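Heads up: the sequence shown at position 276 corresponds to 276 in full-length UniProt numbering, and the numbers run straight through without jumps. Beta carbons are placed, not taken as given, at the ideal position from N, Cα and C, and that holds for glycine. In this text the structure is predicted, and so the values were computed from the model without any measurement.
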Amino acid sequence: MIPFDLLSPETGNPLEADGAHILRDAETGARWPVLDGIPYLRTNRGELIAATLAHIDAGDTDAALAGLLADQDDWWNGPPADPAALRALVADSRTATLREAVNGLGWGRVGDYFVNRWSDPTYLAGLTLLEAHWNEPACAFELACGIGHYLREMQARGVKVAGADVVFAKLWVARNWVVEKGAQLICFDASSPHWPIAEAPVDLVLCNDAFYFLDDKPGILACLRRTAGEDGWLAVSHIHNSGCPGFSAGKAVSAADIEELFPDGLVYDDAELTRALIEARAPTPRDPHELKACEAFSLVAGPGMRPAPRSVIDGITLPVAGTALRLNPLYKVDLSGAYVIRWPSERYAAEYAGRVTYPLHSDGPKTLDWEGGPQTPIAERVRRREYVDLPERW
1 MIPFDLLSPE
11 TGNPLEADGA
21 HILRDAETGA
31 RWPVLDGIPY
41 LRTNRGELIA
51 ATLAHIDAGD
61 TDAALAGLLA
71 DQDDWWNGPP
81 ADPAALRALV
91 ADSRTATLRE
101 AVNGLGWGRV
111 GDYFVNRWSD
121 PTYLAGLTLL
131 EAHWNEPACA
141 FELACGIGHY
151 LREMQARGVK
161 VAGADVVFAK
171 LWVARNWVVE
181 KGAQLICFDA
191 SSPHWPIAEA
201 PVDLVLCNDA
211 FYFLDDKPGI
221 LACLRRTAGE
231 DGWLAVSHIH
241 NSGCPGFSAG
251 KAVSAADIEE
261 LFPDGLVYDD
271 AELTRALIEA
281 RAPTPRDPHE
291 LKACEAFSLV
301 AGPGMRPAPR
311 SVIDGITLPV
321 AGTALRLNPL
331 YKVDLSGAYV
341 IRWPSERYAA
351 EYAGRVTYPL
361 HSDGPKTLDW
371 EGGPQTPIAE
381 RVRRREYVDL
391 PERW
């Protein structure tokens, strides 16, 4: 089922390969760049696309890539990336670490979130939502996949995955540092005139910590439902609640909006999902109007979802047995030689310090061989993300 056939986001016409780095509209001849196997299909970036194609035509794919890596979403309010740093990162991408990559891209506080997301309580809530309703999907698509945290977890369990994001650089980081080569990655605007992935229903469609950013929520949701088809299901986590002040930009939604958009949904308080993980139990769904004070909603919907959540014990929330784990990198050695949490920024601490699952102190060791077993003392440390499964070049 995956990879998807691709369509022009402007015309809806099929796109065909025109060499290694270009897709061409089969009817109009319009061209779109493809770098590191990632099609760039944004509809409001005409000048950037023209400049990128010119570099490709001239045989300078490194310059083409550096140009796309500077592109950001319309919510970005940080400084532009340094062109020299981008060129250096492109040259060093085979040896640079993930942390060096996000620094080179100039992501600032966004980079702090990405490199530490493996233990963020909101990320764990999304994993819990998946495990509570897991039905062994063969293939999955994630909208706004970022650098591929969830895609990586599903790939580790044999799921064929595809991911899309509006920021090319996030997909490029996913390709080079986080996910395996089999993942199909596509850069496009969710609100494009034409949904650029051809209809080929998948078992599971995800959107995590991003749905509230989308402008045309009903229209985009209709596309996601079509992608899930008549037998698939949707998992949408951490949708900011407009009734509760939060830290993120975006267009939050109300409990009434959730009820209107997802009449078939099982809805959760995002924080309840994280608690269910730590307590190794089934999360409890609630009526949306009972959740008016929660920070964020999470939900599953669609015909393929499990009718009731199951206990969160030993599924996608825990690493695959045999994984070499590392001490959560938020732990730093203090003057006494103990491991103590040090927050990457004041904002990160303000958002997460009160809700994290791991202890503020650890006895170590720095690495742990995880052999599975959900009822062991080690499993509790892993469940709480005192130890994490990081990419090789983290």
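Original post:
What are the residues that DSSP puts in a beta bridge with Glu142?
Top reply: Gly163 and Leu206
**OP:** Helix, strand or coil for Tyr268, going by three-state DSSP, please let me know.
**Re:** strand
Original post:
Does the segment 292–307 come close enough to the segment 95–113 to have 3 or more Cβ pairs within less than 8 Å?
Top reply: no
Original post:
From Leu266 to Ile186, what distance separates their C-alpha atoms?
Top reply: 29 Å
**OP:** Could you tell me whether the segment 375–385 touches the segment 347–364, using the rule of 3 or more Cβ pairs below 8 Å?
**Re:** yes
Original post:
Is Asp112 helix, strand or coil by DSSP?
Top reply: It is helical.
**OP:** Tell me where the beta strand (DSSP E) around Trp32 begins and ends.
**Re:** Arg31 to Leu35
**OP:** Using 10 angstroms around the beta-carbon of Pro283, count the other beta-carbons present and answer buried if the total reaches 16, otherwise exposed.
**Re:** Here Pro283 is buried, its C-beta having at least 16 other C-beta atoms within 10 Å.
**OP:** Assign Ala101 to buried or exposed, taking buried as 16 or more other Cβ atoms, counted over all protein chains shown, within 10 Å of its Cβ.
**Re:** buried
Original post:
At what residues does the beta strand (DSSP E) containing Cys223 begin and finish?
Top reply: Counting along the chain, Cys223 falls outside any beta strand (DSSP E), though it belongs to the alpha helix (DSSP H) covering Lys217 to Ala228.
Original post:
Considering only the beta carbon of each residue, do Ala66 and Arg87 sit closer than 7 Å?
Top reply: yes
Subject >> Cα-Cα separation between Ala50 and Asp36, rounded to whole angstroms >> reply: Cα-Cα distance, rounded: 18 Å.
**OP:** In the DSSP assignment, find the unbroken beta strand (DSSP E) run with His238 in it and report its ends.
**Re:** Trp233 to His240
Subject >> Presumed contact (8 Å Cβ cut-off) between Ala81 and Leu105, rounded CB distance >> reply: Confirmed, about 6 Å.
Original post:
Under the three-state reduction of DSSP, which class applies to Phe297: helix, strand or coil?
Top reply: strand
Original post:
Going by the beta-carbon positions, is the gap between Glu69 and Ala169 smaller than 7 Å?
Top reply: Checking the sequence shown, residue 69 turns out to be Leu, not Glu. Against a cut-off of 7 Å, the Cβ pair of Ala169 and Leu69 comes out as a contact.
Original post:
Taking three-plus beta-carbon pairs below 8 Å as touching, is the segment 226–239 in contact with the segment 202–211?
Top reply: yes
Original post:
Whole-angstrom Cβ separation of Gly302 and Gly232, contact assumed at under 8 Å?
Top reply: 6 Å
Original post:
Between the Cα of Leu130 and the Cα atoms of Gly148, Gly146, Met154 and Leu143, which residue gives the shortest distance?
Top reply: Met154
**OP:** Tell me, please, whether the segment 268–281 touches the segment 320–329 by the rule of three or more beta-carbon pairs shorter than 8 Å.
**Re:** no
**OP:** Measure the Cβ-Cβ separation of Val34 and His55 and say whether it is below 7 Å.
**Re:** no
Original post:
Does the separation of the CB atoms of Val161 and Ala183 fall below 7 Å?
Top reply: Val161 places its beta carbon less than 7 Å from that of Ala183.
Original post:
Got a sec, what are the start and stop residues for the beta strand (DSSP E) Ile341 sits in?
Top reply: Tyr339 to Ile341
**OP:** Check whether the segment 87–97 touches the segment 251–261, counting contact only when three or more Cβ pairs, one atom from each stretch, lie closer than 8 Å.
**Re:** Not touching, per the Cβ criterion.
**OP:** Less than 8 Å between the CB atoms is what I'm expecting for Thr128 and Thr323, so what's the real figure, rounded?
**Re:** Actually they are not in contact, since the Cβ atoms of Thr128 and Thr323 sit about 19 Å apart, beyond 8 Å.
**OP:** Excluding the 5 residues preceding and the 5 following Cys223 in the sequence, name in chain order all residues of the same chain whose CB lies nearer than 6 Å to its CB.
**Re:** If you ignore the 5 residues before and after Cys223, its C-beta comes within less than 6 Å of the C-beta of Trp195, all in its own chain and listed in chain order.
Original post:
By a C-beta neighbour count over all protein chains shown, 10 Å radius and 16 as the cutoff for buried, is Thr95 buried or exposed?
Top reply: With fewer than 16 Cβ atoms within 10 Å of its Cβ, Thr95 is classed as exposed.
Subject >> With 16 other Cβ atoms within 10 Å as the buried cut-off, status of Glu142 >> reply: buried
Subject >> Contact under 7 Å by Cβ, Trp394 with Leu98 >> reply: yes
**OP:** Have a look at Ile38, Val166 and Asp18 and flag the residue whose alpha-carbon is nearest the alpha-carbon of Gly29.
**Re:** Asp18
**OP:** Could you tell me if Thr227 is buried or exposed, where buried requires 16 or more neighbouring beta carbons within 10 angstroms of its beta carbon?
**Re:** buried
**OP:** Taking only the alpha-carbon atoms, compute the straight-line gap between Asp62 and Val173 and give it to the nearest angstrom.
**Re:** A straight-line Cα-Cα distance of about 15 Å links Asp62 and Val173.
Subject >> Test item: CB-CB of Asp216 and Ser191 under 7 Å >> reply: yes
Original post:
If you draw a straight line from the alpha carbon of Ile341 to that of Pro374, how long is it in whole angstroms?
Top reply: For Ile341 and Pro374, the distance between alpha carbons rounds to 25 Å.
**OP:** State the start and end residues of the unbroken beta strand (DSSP E) segment that holds Asp5.
**Re:** Neither: Asp5 is in no beta strand (DSSP E) and is coded neither H nor E.
**OP:** Compare the beta carbon distance of Val115 and Pro391 with 7 Å and say whether it is the shorter of the two.
**Re:** no
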